[in-house]
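Chain order of the listed sequences is A and B.
By the working numbering, the letter at position 34 of the first sequence is numbered 35, and the numbering carries on one by one without gaps.
By the working numbering, the letter at position 3 of the second sequence is numbered 4, and the numbering carries on one by one without gaps.
Single-structure report; data block below.
Protein chains: 2
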Amino acid sequence: MNMDATEKIIALERTAMAAWLNGDPSPFLELYSEDFTYFDPSVERRLDGWDKVKVLYEGMRGKLKTDRFEMVNPVVQQDGSMAVLSYNLDIYSGDTLWKENCTEVYRLVGDGEWKIVHSHFSPTMVKMG
Amino acid sequence: MNMDATEKIIALERTAMAAWLNGDPSPFLELYSEDFTYFDPSVERRLDGWDKVKVLYEGMRGKLKTDRFEMVNPVVQQDGSMAVLSYNLDIYSGDTLWKENCTEVYRLVGDGEWKIVHSHFSPTMVKMG
Chain A
2 MNMDATEKII ALERTAMAAW LNGDPSPFLE LYSEDFTYFD PSVERRLDGW
52 DKVKVLYEGM RGKLKTDRFE MVNPVVQQDG SMAVLSYNLD IYSGDTLWKE
102 NCTEVYRLVG DGEWKIVHSH FSPTMVKMG
Chain B
2 MNMDATEKII ALERTAMAAW LNGDPSPFLE LYSEDFTYFD PSVERRLDGW
52 DKVKVLYEGM RGKLKTDRFE MVNPVVQQDG SMAVLSYNLD IYSGDTLWKE
102 NCTEVYRLVG DGEWKIVHSH FSPTMVKMG
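Dropping the structure here:
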C-alpha cells in the first residue's frame with residue numbers, strides 16, 4: 002500500500018465531494034478523465050465520456066445544498082498506476098440522512114496526478130428523521 | 002487497450018455471472034482476491050474480505066434461478082496491472098426484467114491470471130411484465 006497515494010486520493014475525493022454536495026460540480030469535472038465512465042442510479046445505462054457527464058452535472062449546478070457529509074471507512078486498493086477508492090457516504094441535510102455506496106477508480110496520468118476513470122454511486126437506504 | 006486482457010476479463014465475468022444467476026457462487030468466489038471489497042444494495046456498509054463475502058454468497062447457494070442475462074456494452078479500462086470492467090446487466094426471469102449497474106475491478110496477480118478486488122452492483126430499475 003502506497004500511503005502517499007492513499008492519502009492523496011482520499012483528499013482529492015473529499016474536496017470534490019464537499020463542492021458537489023453544495024452545488025459546485027467543477028472539482029469533480031476537473032478530476033474526470035476524457036474516457037470517464039459513470040453509473041448513476043437515476044440513469045438507465047452507463048454514461049460514457051467526459052462530455053456527457055458534463056451536461057448532466059451542469060444541469061445540477063447550484064441545485065444541491067446539504068449540511069454535512071461523512072466518508073465512512075474509505076479504502077484504497079492500489080496496484081501500479083490504478084487504484085480503486087471505495088467508501089460509504091453519509092449525507093446529512095436537515096432531518097434527512099442519505100446513505101450511499103461509492104466506488105471511484107483512479108488512474109495515475111503522470112507526475113503524481115490522479116484522474117477518475119470510472120464512478121459508481123448507489124443508494125443503500127434512506128432514513129427520514 | 003490490451004485486447005487480450007479485455008476479452009479475457011469479459012469471458013471470466015460472463016462465466017461467473019452465468020453460474021451465479023443459476024445458484025452457483027463458486028466461480029465468483031474463486032475470482033475474488035483475499036482483500037476483496039464488496040458493495041451490495043441490500044447491505045448497509047461495504048463488506049471487506051473474502052471470508053465475509055463467502056458467508057453471504059453461500060447463504061444464496063441454490064436459491065437463484067433465472068432464464069437468461071445480457072451483459073450490455075461491457076467496457077474494460079485498463080492500465081498496467083489493474084482494470085475496471087463496467088456493464089449494464091439485464092436479467093430475464095419469467096415476466097420480470099431486472100436491470101443493474103455493474104462495476105468489477107480486476108487485478109493481475111501474475112502469469113496472466115486476473116482476480117476481482119472490488120465489486121459494486123446496484124439496481125437501476127425493475128420492470129414487471
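Every residue, glycine too, gets a C-beta built ideally from N, C-alpha and C.
Rounded distance between the beta-carbons of residue j and residue i, thought under 8 Å
| i | j | result |
| --- | --- | --- |
| Ser82 (chain B) | Glu105 (chain B) | Not confirmed; about 15 Å, so no contact. |
| Asn23 (chain B) | Leu65 (chain B) | 7 Å |
| Ser123 (chain B) | Ser123 (chain A) | 3 Å |
Per-residue DSSP class, three states only, for residue i
| i | result |
| --- | --- |
| Val77 (chain A) | strand |
| Arg46 (chain B) | coil |
| Thr67 (chain B) | coil |
| Ser82 (chain B) | coil |
| Asp36 (chain B) | strand |
| Met18 (chain A) | helix |
| Asp25 (chain B) | coil |
| Asp41 (chain A) | coil |
| Asp52 (chain A) | helix |
| Asp5 (chain A) | helix |
Proximity to residue i [Cα-Cα], best of the options
| i | options | result |
| --- | --- | --- |
| Trp99 (chain A) | A:Glu71, A:Ala12, A:Ser87 | A:Glu71 |
| Gly63 (chain B) | B:Glu14, B:Trp21, B:Ser87, B:Ala6 | B:Trp21 |
| Thr97 (chain A) | A:Gln79, A:Cys103, A:Gly113, A:Arg69 | A:Arg69 |
| Pro26 (chain B) | B:Ile11, B:Glu101, B:Pro42, B:Trp51 | B:Trp51 |
| Ala84 (chain B) | A:Ile10, A:Tyr58, A:Val118 | A:Val118 |
| Asn89 (chain A) | B:Leu30, B:Asp41, B:Glu14 | B:Asp41 |
| Asp91 (chain A) | B:Thr67, B:Arg47, B:Ile10, B:Asn74 | B:Arg47 |
| Ile10 (chain A) | A:Thr125, A:Phe122, A:Gly113, A:Ser123 | A:Gly113 |
| Gly95 (chain A) | A:Val73, A:Cys103, A:Asp80, A:Thr67 | A:Thr67 |
| Ala6 (chain A) | A:Ser123, A:Trp115, A:Asp36 | A:Trp115 |
| Glu59 (chain B) | B:Phe29, B:Glu14, B:Glu45 | B:Phe29 |
| Asp110 (chain A) | A:Met18, A:Asp36, A:Glu8 | Note on identity: in this sequence residue 110 (chain A) is Val, with Asp being the wrong assignment. That would be A:Asp36, whose Cα lies nearest to the Cα of Val110 (chain A). |
| Cys103 (chain B) | B:Glu31, B:Tyr39, B:Leu32, B:Glu8 | B:Tyr39 |
Counted within 10 angstroms of its Cβ, other Cβ atoms place residue i as buried (16 or more) or exposed
| i | result |
| --- | --- |
| Arg108 (chain B) | buried |
| Lys128 (chain A) | Caution is warranted here: a pLDDT of 47 is assigned to Lys128 (chain A), below 50, making its placement in the model unreliable, and the coordinate value is therefore given only provisionally. The residue is exposed, with fewer than 16 neighbouring Cβ atoms inside 10 Å. |
| Ser87 (chain A) | buried |
| Val77 (chain B) | buried |
| Ala12 (chain A) | exposed |
| Val54 (chain A) | buried |
| Ser43 (chain B) | exposed |
| Thr125 (chain A) | buried |
| Thr16 (chain B) | exposed |
| Asn74 (chain B) | exposed |
| Glu101 (chain A) | buried |
| Met18 (chain A) | buried |
| Met14 (chain B) | The sequence shown places Glu at residue 14 (chain B), not Met. With 16 or more other Cβ atoms within 10 Å, it is buried. |
Residue i Cβ short of 8 Å to the ligand MN heavy atom set
| i | result |
| --- | --- |
| Gly81 (chain A) | The ligand MN is not among the ligands present in this structure, which contains no ligands whatsoever. |
Next on the checklist: List, from N- to C-terminal side, the alpha helix (DSSP H) runs of 4 residues or more that fit wholly inside the segment 98-130 of chain A.
Outcome noted: Look at the segment 98-130 of chain A and you find no whole run of alpha helix (DSSP H) that is 4 residues long or longer.
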